[in-house]
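A quick write-up on the structure given underneath.
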Amino acid sequence: MLINKLFDTAIIGGGVAGSSLLFTLARYTNLNNIILFEKYDEVSQLNSNPKANSQTLHVGDIESNYTYEKAKKVKESSSMVSNYIKRFNGVDSCGFVKDKMLLAVGEEEIIELKNRFNEFKSLYPYLELWDREFLEEFEPKLVEGRDEPILAMGVRGEITTVDYKKLSESFIQEALNTEKNIQMRYNEEVIKIEKENNIYKITTDTTSFKAKSLVVNAGAYSLLFAQSMGYGEDYAILPIGGSFFFTKEKLLNSKVYTMQNPKLPFAAVHADPDLTENWNTRFGPTAFALLKLERYHKLHLKDLISALNIDKSVTQVYLNLFKDKSIRSYILKNFLEEIPHFGKEIFIRDARKIIPSLSASDLKFADGYGGMRPQIIDKRKRELLLGEAKIKEDGIIFNMTPSPGATSSLYIAWQDAKSICEILNASFDSEKHKLEILNN
Ligand SMILES: Cc1cc2nc3c(=O)[nH]c(=O)nc-3n(C[C@H](O)[C@H](O)[C@H](O)COP(=O)(O)OP(=O)(O)OC[C@H]3O[C@@H](n4cnc5c(N)ncnc54)[C@H](O)[C@@H]3O)c2cc1C
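In terms of this note's numbering, the sequence shown is residues 9 to 448.
Here it is as structure tokens:
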């Protein structure tokens, strides 16, 4: 076994972020020795699990919180995932072609949707406008019992749904298929990282390893590792839980997203055909502050306290959030939605925006589903960051990836792989990467 030698790169975390980096390094760089640590017995047991997230590839076409400029970037990064899925035989195992739409309800939203359609059509030429008559045939449940006018901007024939766990497994398999020395260390929890003479010493619960470079893709724990080494003191984590509701029978064939409130991106209700439940309709997610770092695993109080990193500036961010009326009522509503049995009586009001004829008795709380978004607070700016965060120091990178981090996994991996190559004076095969991952 080569495990005690000095590795070129070590990766902590076998979610979609860690596994996409493993694949990118193994296939497109000349680095030979790579090790990945995952504390559970399989990859993607936390947020990258299909039961934890909404299984959506966020392309930017129906996400009404994105500006044109943001959508352009998102289009590039998300296409890396669909290109991978197509090239590495992942259609119908990792990625699925399912129709999707952005639904506008009422005159005001319809005007906004039409404007959006005209603006975004050049970026996404496949977009279609679907009127009530079309929807009546295509997704009758959207129209049944509805008085308000509706219009949808829809997409057919594209990969929209991803099993990010299967994708992680595929990344790992493709990395193992290369000639490189890839060490997969499952059931091995990293407990300490130290830097000695430009080499990283990684201590796990059983032994220790050395690496010239290190990437920590451990969700909320990435920040804890960073802070244990004196980095990222300006950040704190606000752990946001997300739950789901299933309908008792399958009611929709497509993903149906609704118009977002710009103050609460990714908070608007959506309905998704769920790949773990025979494509039954899953509504959600809700969003509520939860004092946990992992939704369905044991809580380490010490880790939670470190992640919350509460001080005056963090408290100020909480207060600012509460000061805003729409955010305040959103927090309260989502809190009530978690109350057993009663919760769905509240949630149904949102769900009816999509299916007006739905009643609370048609819904059941999705037990065992849902994840934790490690939402980042920037203490210096006293604000809640809405996307991913990265701390990059000499030879070490820490990634924190709330939504929609799974969609951007290959893009982040590409950036990190290039940084590692620069540091280690290694080469990145941009031509092969462009051919296989960047180009359609
Ligand atoms: C409710 C919800 C809905 C979402 N919907 C979407 C969506 O539709 N589309 C999308 O793109 N994104 C979505 N996201 C976000 C997406 O799930 C995450 O961005 C993504 O899964 C993060 O991947 P990751 O690998 O960074 O983290 P994770 O998948 O959480 O993986 C981290 C890994 O690190 C391991 N680990 C942690 N500490 C250690 C240690 N000390 N030693 C060894 N291993 C360790 C963990 O066991 C875990 O396997 C959603 C998130 C939530 C919560």
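Ideal Cβ placement from N, Cα and C applies to all residues, glycine included. Quantities reported herein were computed from a predicted structural model and do not represent experimental measurements.
Checking the 7 Å criterion, the Cβ of residue 262 is out of range of every heavy atom belonging to ligand 1. By the neighbour-count criterion, in which a residue is buried when 16 or more other Cβ atoms sit within 10 angstroms of its Cβ, residue 319 is exposed.
Membership of residue 53 in any alpha helix (DSSP H) is not indicated, and neither H nor E is assigned to it by DSSP. Shortest Cα-Cα distance from residue 20 to any of 61, 91, 191 and 147 involves 191. A contact is defined here as three or more CB-CB pairs under 8 Å, and the segment 149–163 meets this definition with respect to the segment 94–114. With respect to the 8 Å criterion, residue 323 and residue 263 are not classified as neighbours on the basis of their beta carbons.
Only buried fits residue 407, as 16 or more other CB atoms lie within 10 angstroms of its CB. The residues 366, in chain order, have a CB closer than 6 Å to that of residue 360 in the same chain once the five nearest residues on each side in sequence are set aside.
C-alpha of residue 160 to C-alpha of residue 419: approximately 29 Å in a straight line. The distance from the Cβ of residue 315 to that of residue 228 is about 5 Å, consistent with a contact at the 8 Å cut-off. Boundaries of the beta strand (DSSP E) around residue 211: 207–212. Residue state for residue 66 is assigned as coil, using DSSP reduced to three classes. Boundaries cannot be given for residue 106, as no alpha helix (DSSP H) includes it and DSSP labels it neither H nor E. Scanning the segment 255–301 from its first residue to its last, the whole beta strand (DSSP E) runs of 3-plus residues come out as 263–266, 278–282 and 288–292. Cβ atoms of residue 176 and residue 51 come within 8 Å of each other, at about 4 Å.
With a cut-off of 8 Å on Cβ pairs, the segment 295–310 is in contact with the segment 336–354, counting three or more such pairs. Membership of residue 161 in the beta strand (DSSP E) is indicated by the continuous run 158–163. When rounded, the separation of the alpha-carbon atoms in residue 164 and residue 107 is 5 Å. Excluding residues up to 5 positions away in sequence, 46 and 49 lie with their Cβ nearer than 6 Å to the Cβ of residue 194 in the same chain. As DSSP reads the structure, residue 32 sits in no beta bridge. Around the beta-carbon of residue 150, 16 or more other beta-carbon atoms lie within 10 Å, marking it buried.
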